[in-house]
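Oh and the first sequence: position 186 is 185 in numbering that gives the first Met the number 0, straight run, nothing missing. Glycine residues also receive a C-beta, built at the ideal position from the N, C-alpha and C atoms. The structure displayed is predicted, hence computed values, not measured ones. Here is the structure we will look at.
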Amino acid sequence: MSEHLSTDPYKGVRDFYPADWAKMAAMFAQFRATLAKWGYEEYNASPLERAELYEAKTSEEIVNEQTYTFTDRGDRKVTLRPEMTPTLARMVAGKRRELALPLRWFSIPNVFRYERPQKGRLREHYQLNVDLVGIAANEADIEIIRIASELLKAFGAKESDYIVRVNSRALLTAACAAAGLTGEAAKRYLHLLDKKSKMDPAAFEAARSSIAPRDPLELVENEAGASPELAHEKRALLDTIDALKRRGVGNAVFDATLTRGFDYYTGIVFEIFDTNPANPRSLFGGGRFDRLVALFGNDPVPAVGFGMGDVTFADFLETHGLLPKGDGGVPELYLGTPSAGDIPAAQAFADTLRAQGSRVFVNLTEKSLGDQIKDAVKRGIPFFVAYGADEVANQTVRMKILRTGEEEGLPLRDLPLRLRSGS
RNA sequence: GCGGCUAUAGUUUAGUGGUAAAACUCCGGGUUGUGGUCCCGGCAUCGAGAGUUCAAUUCUCUCUAGCCGCCCCA
Numbered sequence: 000m001s002e003h004l005s006t007d008p009y010k011g012v013r014d015f016y017p018a019d020w021a022k023m024a025a026m027f028a029q030f031r032a033t034l035a036k037w038g039y040e041e042y043n044a045s046p047l048e049r050a051e052l053y054e055a056k057t058s059e060e061i062v063n064e065q066t067y068t069f070t071d072r073g074d075r076k077v078t079l080r081p082e083m084t085p086t087l088a089r090m091v092a093g094k095r096r097e098l099a100l101p102l103r104w105f106s107i108p109n110v111f112r113y114e115r116p117q118k119g120r121l122r123e124h125y126q127l128n129v130d131l132v133g134i135a136a137n138e139a140d141i142e143i144i145r146i147a148s149e150l151l152k153a154f155g156a157k158e159s160d161y162i163v164r165v166n167s168r169a170l171l172t173a174a175c176a177a178a179g180l181t182g183e184a185a186k187r188y189l190h191l192l193d194k195k196s197k198m199d200p201a202a203f204e205a206a207r208s209s210i211a212p213r214d215p216l217e218l219v220e221n222e223a224g225a226s227p228e229l230a231h232e233k234r235a236l237l238d239t240i241d242a243l244k245r246r247g248v249g250n251a252v253f254d255a256t257l258t259r260g261f262d263y264y265t266g267i268v269f270e271i272f273d274t275n276p277a278n279p280r281s282l283f284g285g286g287r288f289d290r291l292v293a294l295f296g297n298d299p300v301p302a303v304g305f306g307m308g309d310v311t312f313a314d315f316l317e318t319h320g321l322l323p324k325g326d327g328g329v330p331e332l333y334l335g336t337p338s339a340g341d342i343p344a345a346q347a348f349a350d351t352l353r354a355q356g357s358r359v360f361v362n363l364t365e366k367s368l369g370d371q372i373k374d375a376v377k378r379g380i381p382f383f384v385a386y387g388a389d390e391v392a393n394q395t396v397r398m399k400i401l402r403t404g405e406e407e408g409l410p411l412r413d414l415p416l417r418l419r420s421g422s
């Protein structure tokens, strides 16, 4: 190993060999098909962004310690995008006047984070992002959460397989205000709340009382009437959750401890969890970010959306036996050549098949036909046809169905149609 | 950033203080116009470096990498 280059991919990132990418592509195809039904359009952008895009907009720890940031030769600070939402906000702000709101957009970007890889967490992953931009009303929140749920169902998941936890940053902010917490103190409290489910109750109480004399969470649960703002936000959130339940998301629940890590959320926040105890990870996370676009100097543009990582999602599908296989565009026909001299004619014949839509693999080796058949089997190609002097002379071929071993004789010109009818 | 475990052929694994075994894969041959069986042969400086020893793949240390926790979470 010392004198050769390593064949391993860089730490925490993956190679996608064709069989691997076929699985990813099958997953993405399902995303695209489902989102198309809801009128969502796909966009994309470069993974390189100005570092300042993330400063003070994402979360300090993430930016300082968990991004790939470097200085380019022109002395610009550059960051590999750790998430797509700031890019979306930038793109929306950049063409604010030309874009017809609302925007229903989605993307499947690769995003990067600099941290130690472990189960379900890598340094690069693909993340489906779905956003509805320009609608402040809770109809937008409902649509976005329904889509998240519908995506899972499109893969065959049942409502018992996952749970949709919903909360509201506006509600939490109102509760903090009612408890006398604002600014930094409120932020610290939210951070603590985020960890509550993993903490010992006594430890939480101890930490909480040092920040907040009165627990805002208690106000949310028992004394919403203490502040009109708080009562209003709680009512609004419960209405939204009720609407979700009535409209196809029967497994939506209110969870007052859900906060999400990003500072830019302003309203509803939600996460979808696998209910299988073996895979207790958050699958989707999202929320409303009504002030992000305005950071670019425009008028505020309300927006709500979510992100979902391919690694945890594939784990979910696998756990529940729902992973689509995907053939990855394996060729339909292996065109064998009795001798190397037959290759040009075989390619020419293959051209006529390709022109009619067939996926054809032409042998380029000098292997025997027997070995070529073995090769076809190994590649998972279903049909084999030898093309040489005999076939040209007779204008017929013998097509071998490798799965069964049967052979069919047929005229050359019928081959495309035969391929289309499958095995 | 902290901790635990692991590292032997392309892959998955066995094994030993006296330079390694198997299965599958791959390559070649038996078998140069039609596969899946079978048979034969080939493919490993045992992660890197240092130390102990007559001798290290094996023991020790350092490094590197991978996996798994913690932290944090997109």
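_For Arg419, the nearest candidate out of Val359, Glu365 and Ile372 (CA to CA)_ = Within the first sequence, residue 419 is the residue found at index 420, counting from 1. That would be Val359, whose Cα lies nearest to the Cα of Arg419.
*Nearest to Ile400 by alpha carbon, out of Ile372, Tyr9 and Gly387?*
Mapped onto the first sequence, residue 400 falls at position 401. Answer by Cα proximity: Ile372.
*Would you kindly check if the distance between the Cβ of Ala21 and the Cβ of Lys324 is under 9 angstroms?*
Mapped onto the first sequence, residue 324 falls at position 325. Mapped onto the first sequence, residue 21 falls at position 22. Yes, these two residues count as a Cβ contact at 9 angstroms.
*Three or more beta-carbon pairs under 8 angstroms between the stretch 104–122 and the stretch 65–83, yes or no?*
Yes: the two stretches touch, three or more of their Cβ pairs being nearer than 8 angstroms.
*Figure out for me which residue from Ile210, Glu405, Ala255 and Lys157 has the closest Cα to the Cα of Glu183.*
Position 184 of the first sequence, counted from the start, is the residue given in the question as residue 183. Nearest to Glu183 by alpha-carbon distance, out of Ile210, Glu405, Ala255 and Lys157, is Ile210.
*Figure out for me which residue from Asp289, Ala375, Thr311 and Lys366 has the closest Cα to the Cα of Ile134.*
Position 135 of the first sequence holds residue 134. Distances from the CA of Ile134 to each of Asp289, Ala375, Thr311 and Lys366 were compared; the closest alpha carbon is that of Asp289.
*Would you report the Cα separation of Tyr53 and Pro46, rounded to the nearest angstrom?*
Against the first sequence, residue 53 aligns to sequence position 54. Against the first sequence, residue 46 aligns to sequence position 47. Their backbone Cα atoms lie some 13 angstroms apart in a straight line.
*asked:* Is the beta carbon of Ala178 closer than 9 angstroms to that of Leu218?
replied: If you number the first sequence from 1, residue 218 lands on position 219. If you number the first sequence from 1, residue 178 lands on position 179. Result yes, Cβ atoms of Leu218 and Ala178 sit closer than 9 angstroms.
*Kindly give me the distance between the Cβ atoms of Gly408 and Asn128, rounded to whole angstroms, as I take these residues to be in contact under 8 angstroms.*
Within the first sequence, the letter at position 409 stands for residue 408. Within the first sequence, the letter at position 129 stands for residue 128. With 8 angstroms as the limit, Gly408 and Asn128 do not qualify as a contact, their Cβ atoms being about 53 angstroms apart.
*Using the rule of at least 16 other Cβ atoms within 10 Å of the residue's Cβ for burial, across every protein chain shown, is Ala173 buried or exposed?*
Here residue 173 refers to the residue found at position 174 when the first sequence is read from its first residue. By the neighbour-count criterion, in which a residue is buried when 16 or more other Cβ atoms sit within 10 angstroms of its Cβ, Ala173 is buried.
*Buried versus exposed, by CB contacts within 10 Å (16 or more), Tyr263*: Translated into positions along the first sequence, residue 263 becomes position 264. So Tyr263 ends up on the buried side.
*asked:* Which runs of the beta strand (DSSP E) at least 3 residues long sit entirely within the stretch 135–216? Give them in chain order.
replied: Fully contained in the stretch 135–216 are the following beta strand (DSSP E) runs of length 3 or more, in chain order: 161–167.
*Under a three-way DSSP split, which group does Thr68 fall into?*
On the first sequence, residue 68 is found 69 positions in, with the first residue counted as 1. Of the three classes helix, strand and coil, the one that applies to Thr68 here is strand, per DSSP.
*asked:* Taking contact to mean 3 or more Cβ pairs, one atom from each stretch, closer than 8 angstroms, check whether the stretch 76–86 and the stretch 33–50 are in contact.
replied: Yes: the two stretches touch, three or more of their Cβ pairs being nearer than 8 angstroms.
*Please classify Arg412: is it buried, with 16 or more other beta-carbons within 10 angstroms of its beta-carbon, or exposed?*
Here residue 412 corresponds to residue number 413 of the first sequence, with the count starting at 1. Arg412 is exposed by the Cβ-count criterion.
*Look up Gln355 in the DSSP assignment and say whether it is helix, strand or coil.*
Taking the first residue of the first sequence as position 1, residue 355 is located at position 356. Three-state result, Gln355: coil.
*May I have the straight-line CA-CA distance separating Pro276 from His319, to the nearest angstrom?*
As a working mapping, residue 276 is identified with position 277 in the first sequence. As a working mapping, residue 319 is identified with position 320 in the first sequence. Rounded to the nearest angstrom, the two C-alpha atoms are 12 angstroms apart.
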